[in-house]
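Colleague: This structure is in structure tokens; I'll ask about it shortly.
Residue numbers (this note's numbering): 11 to 276.
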């Protein structure tokens, strides 16, 4: 310290810390993932999910899996010959095996007795689905002979909203109501119609509205008589309107029959 003055200590700033560069890969990957999610969302909005098998439009509905040839004159319940045809598709379609046999059997019988009609089993299945869930309404079910129990009965036809008024026509013998008529069985016939068209289809000698074989064949006969050629739009429409005079009903039957026709549960 030659001049006697005290020189202040010179403080140098500390050396800069090394800068650690963060990898850009996490940000890049996150950005890519976000972009994929956004694109997927946009695609799902613009192109909503479609069923793997489209349900065809039009009337009549498609006929479905062809019914194999059987001996409709065989003794006993000849519909049972269709077990190998019905079982593989019953679960997929949501139709009990016995009910599917009944629909196929009716179509087979009519193919021989009314070849001009062209009624497909899918139409009967559509009706059976709408009317009673194929004989399962209210916990009912069909036994191996086709008989549905407990019996399925509709509400009294008293002319209320959406109902016709039909006074008793059978003394309560068939529908259990001596005052007003009620629709009966898995295909929901009113007593007067059943009495006129009733047919024994399961070979037990009795035409029973609570037997799904009998009911399916009786329904088929009625449809063929009312519609004529059911392979035409005019014939099919006329038959369904005669069965139930409602455009909404006809559209619902058509939609379900069309789904069965392409092997899809409606």
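Note that beta-carbon positions come from the ideal geometry of N, C-alpha and C, so glycine has one too. Treat the numbers as computed from the prediction; the structure is a model and nothing was measured.
Determine the extent of the alpha helix (DSSP H) in which residue 94 is found, giving its start and end residues.
Modeller: Residue 94 -> alpha helix (DSSP H) spans 93-103.
Colleague: Judging by CA-CA distance, which residue of 178, 231, 135, 87 is the nearest neighbour of residue 252?
Modeller: Closest by alpha carbon: 231.
Colleague: Could you tell me the boundaries of the alpha helix (DSSP H) in which residue 107 lies?
Modeller: It spans 107-123 - the alpha helix (DSSP H) in which residue 107 sits, taken as one unbroken run.
Colleague: Would you call residue 229 buried or exposed, if buried means 16 or more other Cβ atoms sit within 10 Å of its Cβ?
Modeller: So residue 229 ends up on the buried side.
Colleague: Looking at residue 222: is its Cβ nearer than 9 Å to the Cβ of residue 112?
Modeller: Their beta carbons are under 9 Å apart, which means residue 222 touches residue 112 by this criterion.
Colleague: Between which two residues does the alpha helix (DSSP H) containing residue 88 stretch?
Modeller: Looking at the DSSP string, residue 88 is not in any alpha helix (DSSP H), and its letter there is neither H nor E.
Colleague: Between residue 243 and residue 268, what straight-line distance do the alpha-carbon atoms span, to the nearest angstrom?
Modeller: In a straight line, the C-alpha of residue 243 is about 14 Å away from that of residue 268.
Colleague: Which residues in the same chain have their Cβ closer than 6 Å to the Cβ of residue 30, if we skip the five residues on either side of it in sequence?
Modeller: Because the pLDDT of residue 30 is 44, which lies under 50, any placement of that residue in the model is unreliable, and the question is left without a value.
Colleague: May I ask you to verify whether the segment 65-83 touches the segment 186-199, counting CB pairs closer than 8 Å and requiring at least 3?
Modeller: With a cut-off of 8 Å, the segment 186-199 and the segment 65-83 do not count as touching, because too few Cβ pairs lie within range.
Colleague: Out of 206, 247, 194, 212, state which residue places its alpha-carbon closest to the alpha-carbon of residue 84.
Modeller: When each option's Cα is compared against that of residue 84, the closest is 212.
Colleague: What distance in whole Å lies between the Cβ atoms of residue 191 and residue 167, which are believed to be in contact at a cut-off of 8 Å?
Modeller: The Cβ separation is near 5 Å, so the contact holds.
Colleague: I need the boundaries of the alpha helix (DSSP H) containing residue 165, first residue and last residue.
Modeller: Per DSSP, residue 165 belongs to no alpha helix (DSSP H) and is neither H nor E.
Colleague: Within its chain, find whatever has a CB closer than 7 Å to the CB of residue 97; leave out the 5 residues flanking it on each side and keep chain order.
Modeller: Here the set comprises 107.
Colleague: Tell me the DSSP secondary structure of residue 72 in three-state form.
Modeller: Here residue 72 sits in coil by DSSP.
Colleague: Can you have a look at residue 114 and say buried or exposed, based on whether 16 or more other CB atoms are within 10 angstroms of its CB?
Modeller: Buried, by the Cβ-count rule.
Colleague: Does the distance between the C-beta of residue 169 and the nearest non-hydrogen atom of the ligand NAD fall short of 8 Å?
Modeller: The model depicted lacks the ligand NAD and carries no ligand whatsoever.
Colleague: Would you kindly work out how many angstroms separate the C-alpha atoms of residue 270 and residue 185, rounded to a whole number?
Modeller: Cα-Cα distance, rounded: 30 Å.
Colleague: I believe residue 158 touches residue 151 by the beta-carbon criterion, under 8 Å. Please report the beta-carbon distance rounded to the nearest angstrom.
Modeller: Indeed, because the Cβ distance is near 7 Å, the residues count as touching under 8 Å.
Colleague: Quick one: using the 10 Å Cβ neighbour count with 16 as the cut-off for buried, is residue 266 buried or exposed?
Modeller: That one is buried.
Colleague: On the criterion of 16 or more Cβ atoms from any shown chain inside 10 Å, does residue 225 qualify as buried, or is it exposed?
Modeller: The residue in question, residue 225, is buried, as its Cβ has 16 or more Cβ neighbours within 10 Å.
Colleague: Drop a sphere of 10 angstroms on the beta-carbon of residue 203, count the other beta-carbons inside from all chains shown, and report buried for 16 or more, exposed for fewer.
Modeller: It counts as buried.
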